[in-house]
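Numbering (my numbering), first residue to last: 18 to 186.
Below, the structure written as structure tokens:
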């Protein structure tokens, strides 16, 4: 399992570096949108959507992402600030207030529509941040992604060593 993870990580890292540093910026934007759409497909399963509901959720997410890309392409950086801040504020509200409250209360989200809204508050800011950080500098984006990868790898090994419930073989 670990060998497969390492081989996959090396291949994906090489492809990421190619898109990040060699190809035109539009390729990075396309990749960011694709990552959000893939996340949406996974989130629709988590939300217990299937068939038409999952298709509509994915299509609406694609429309939102394409609208953000179009808005960014057709407006100055100064005009982009407020809409981007609003997207990030919704995400911050979710992570700093709503999620901790849910965890304290022990509430489980049963409503698929609410789960879809939470998915948007997680996935759309992630894609937007990938595009915004790339605009700042591909190196800044790579640094932030490395922080996330190191945290993920550390959590994986800590979970295997100290965790009660096995998540992976």
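In this text, a Cβ means the ideal position worked out from N, Cα and C, and glycines have one as well.
Grouping DSSP H, G and I as helix and E and B as strand, with all else coil, what is residue i?
i, result
"residue 67", "coil"
"residue 62", "helix"
How about residue i and residue j: are their beta carbons less than 7 Å apart?
i, j, result
"residue 56", "residue 120", "no"
"residue 74", "residue 66", "yes"
"residue 102", "residue 138", "no"
"residue 53", "residue 136", "no"
"residue 36", "residue 45", "yes"
"residue 151", "residue 158", "yes"
On a Cα-Cα basis, can you pick out the residue from the options that is closest to residue i?
i, options, result
"residue 95", "111, 31 and 149", "149"
"residue 49", "178, 82 and 35", "82"
"residue 146", "105, 84 and 59", "105"
"residue 71", "77, 78 and 61", "61"
"residue 42", "77, 160 and 90", "90"
Looking at the unbroken alpha helix (DSSP H) that takes in residue i, where does it start and where does it end?
i, result
"residue 179", "155 to 179"
"residue 29", "19 to 34"
"residue 121", "116 to 122"
"residue 41", "Premise fails: residue 41 is in no alpha helix (DSSP H) and is neither H nor E."
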